[in-house]
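*Asks:*
2 protein chains.
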Amino acid sequence: MALMNSETNPKRPFSDVIERLRSVGLRPTRQRLALAKLLFEGVDRHITAEKLHIEAQEASIRVSLATVYNTLHQFTDVGLLREIAVDSSRSYFDTNNSDHHHFFFEESGDLADIEDDQIDVARLPEPPAGTHIERVDVVIRVIEDK
Amino acid sequence: MALMNSETNPKRPFSDVIERLRSVGLRPTRQRLALAKLLFEGVDRHITAEKLHIEAQEASIRVSLATVYNTLHQFTDVGLLREIAVDSSRSYFDTNNSDHHHFFFEESGDLADIEDDQIDVARLPEPPAGTHIERVDVVIRVIEDK
DNA sequence: GTGTTTGCAAAGTGTTTGCAATTTA
DNA sequence: TAAATTGCAAACACTTTGCAAACAC
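Residue numbers (my numbering), protein chains in the order written: chain A, 1 to 146; chain B, 1001 to 1146.
#1: With DSSP as the reference, please indicate the residues paired to D110 of chain A in a beta bridge.
#2: Work out the CA separation of V1121 of chain B and G1025 of chain B for me, nearest whole Å.
#3: DSSP three-state call for I1119 of chain B: helix, strand or coil?
#4: Report the neighbours of H132 of chain A on chain B: residues whose CB is nearer than 7 angstroms to its CB, in chain order.
#5: Exposed or buried, which one is A198 of chain A when buried takes at least 16 other CB atoms within 10 Å?
#6: With 7 angstroms set as the bound, which would you pick, yes or no: does the beta-carbon of Q31 of chain A sit closer than that to a beta-carbon of chain B?
#7: List, in chain order, every chain A residue whose beta-carbon is nearer than 7 angstroms to that of R1045 of chain B.
#8: Determine the closest residue to A49 of chain A out of A:P125, A:E144, A:R90 and A:F103, with distance taken between C-alpha atoms.
#9: Under 7 angstroms between C-beta atoms, does Q74 of chain A make it to chain B?
#10: Enumerated in chain order, which unbroken segments of the alpha helix (DSSP H) with a length of 4 residues or greater are wholly contained in the segment 44-74 of chain A?
#11: I'd like the list of long-range same chain contacts for L1021 of chain B, defined as Cβ closer than 8 angstroms, with 5 residues on each side in sequence excluded.
#12: Out of A:F105, A:L124 and A:G130, state which residue places its alpha-carbon closest to the alpha-carbon of A1129 of chain B.
#13: Is the Cβ of I1119 of chain B closer than 7 angstroms to any Cβ of chain A?
#14: Go ahead and label D116 of chain A buried or exposed: buried means 16 or more other beta carbons lie within 10 angstroms of its beta carbon, across all protein chains shown.
#15: State the start and end residues of the unbroken beta strand (DSSP E) segment that holds R82 of chain A.
#16: Beta-carbon within less than 6 angstroms of F75 of chain A's beta-carbon, same chain only, minus the 5 sequence neighbours each way: which residues are those?
#17: Can you find a CB in chain B that lies within less than 7 angstroms of the CB of V139 of chain A?
#18: With a 10 Å radius around its C-beta and 16 neighbouring C-beta atoms as the bar for buried, classify D77 of chain A as buried or exposed.
#19: Does chain B have any CB closer than 7 angstroms to the CB of R62 of chain A?
#20: Going along chain A, which residues have a C-beta under 7 angstroms from R1135 of chain B?
#21: For V1043 of chain B, count the other beta carbons within 10 Å of its own beta carbon; 16 or more makes it buried, fewer makes it exposed. Which is it?
#22: Among the residues of its own chain, which have a CB less than 6 angstroms from the CB of L39 of chain A, if the five just before and after it don't count?
#23: Please confirm if E126 of chain A has its CB atom under 7 angstroms from at least one CB of chain B.
#24: Under the rule that 16 or more other beta-carbon atoms within 10 Å means buried, what is D145 of chain A, buried or exposed?
#25: Quick one: list the residues of chain A neighbouring F1105 of chain B, beta-carbon separation under 9 angstroms, in chain order.
#26: If you drop the 5 nearest sequence neighbours on each side, which residues of the same chain put their C-beta closer than 6 angstroms to that of L52 of chain A?
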């Protein structure tokens, strides 16, 4: 069965995903394992709950949309994912949680990473009294040439 | 009547608001005038449709929520407002459409301006082929010290 | 066995839309 | 009076929730 094939990506065998979930205090259930495999195997990605749900169904993984939402939030809470705000109508989740920024394609709604060393954000202002900086997000909004 | 008092802010008398709307091709209706006054008189602000609707009601301005949404989008289309994406569950509109960035207070959902000269965003990466940069948004997310 | 997780359907929230009535030019 | 605008209620898209059944340890 597809679910038991842990050798697709030799860098992250099945047992690693189990360990990864365990280490953040999440039980490695069938649904969480399958979603983690979709999310973390292969290249970094930017995805919405709806899209991940469709991908799961295409991969014959039975999981409800509610569980996809719950799982995305749980993964975000424990730092496996990062939520990105670019579009007020949808939540995007990013499997790359290193320091980086984004191109946002207004027309398609797609995102692309900008590695941290490709941009300089310098001379940050002091955060308002009583607060501290949690994160700095740079979004470069691009549109297609006409 | 409150609506006819154009002298609250001497810098933008009533007739200016009318002209401002006309010049962007929007008929100066009662609703648009009243919302424009709430939005553009006084200091720059960051507001959601829901909040503006409540403000309007508090000011005894009869306007439906649908019209508030329509008006905010029309004002955005003609460049009187800018939409800011910081929270995937709500749309924020900014009456300051000069070049600037934002602090976002995660807990309260409030926004504060960061003037353009208070931050350096340098060495922007090339936009992907076939696209051009429409805007660069920097959001500094802050949380309260514990 | 005990506590956790899941799926479902229902409810919730923010937003948009269709259309008749009203207003503007 | 012709065209634009409004308000209402219904529809919508996305997301969360309550709770019984299924599962993990």
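Where is the CB? At the ideal position from N, CA and C, for every residue including glycine. Note that the coordinates shown come from a computational prediction; the quantities given were computed from them, not determined experimentally.
*Replies:* Reading off the structure:
#1: A:F105
#2: 35 angstroms
#3: coil
#4: V1142, I1143 and D1145
#5: As displayed, chain A neither begins before 1 nor continues past 146, which places residue 198 of chain A out of reach and without an answer.
#6: no
#7: Per Cβ cutoff of 7 angstroms: no residues; R1045 of chain B is ~17 angstroms from chain A at best.
#8: A:R90
#9: no
#10: 49-58
#11: R1027, P1028, R1032, L1033 and A1036
#12: A:F105
#13: yes
#14: exposed
#15: R82 to I84
#16: L81
#17: yes
#18: exposed
#19: no
#20: R141
#21: exposed
#22: T95
#23: no
#24: exposed
#25: P128 and T131
#26: V68
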